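Residue numbers (this note's numbering): 2 to 103.
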């Protein structure tokens with residue numbers, strides 16, 4: 002309950018704490034540059050082995066997997082990277098702030 006109260010306080014436009022702490026309500030992206038797994042002839046035995054990838058992790062945070070151009074539409078700053086991510090896990094309800102600032 003304390004976390005929900007803190008988020009509610011941060012989202013209150015009259016409270017200067019959000020600006021002071023660098024509150025970011027835009028969610029969290031975990032980018033992956035691993036090749037996307039491919040199947041040949043719809044045969045599970047022909048799958049390439051899975052590499053360590055943040056999009057395959059399990060947690061309780063609501064999330065969805067984004068691929069290709071969907072990633073850059075959510076976070077345009079990655080367009081300036083030389084190597085583009087292949088997939089990402091987008092935790093759309095995540096938010097962050099620096100507790101050290103307050």
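Ideal Cβ positions, reconstructed from N, Cα and C, are used throughout, including at glycine.
The model shown is predicted, which means the values in this text are computed figures rather than measured ones.
Sequence-distant partners of residue 91 (beyond 5 residues in either direction) whose C-beta falls short of 7 Å from its own C-beta, in its chain, are 28, 30, 64, 65, 67 and 75. Going by C-alpha positions, residue 84 is about 37 Å away from residue 5. As DSSP reads the structure, residue 91 sits in a beta bridge with 30 and 65.
Beta-bridge analysis with DSSP links residue 97 to 25. Excluding residues up to 5 positions away in sequence, 84, 86 and 87 lie with their Cβ nearer than 7 Å to the Cβ of residue 34 in the same chain.
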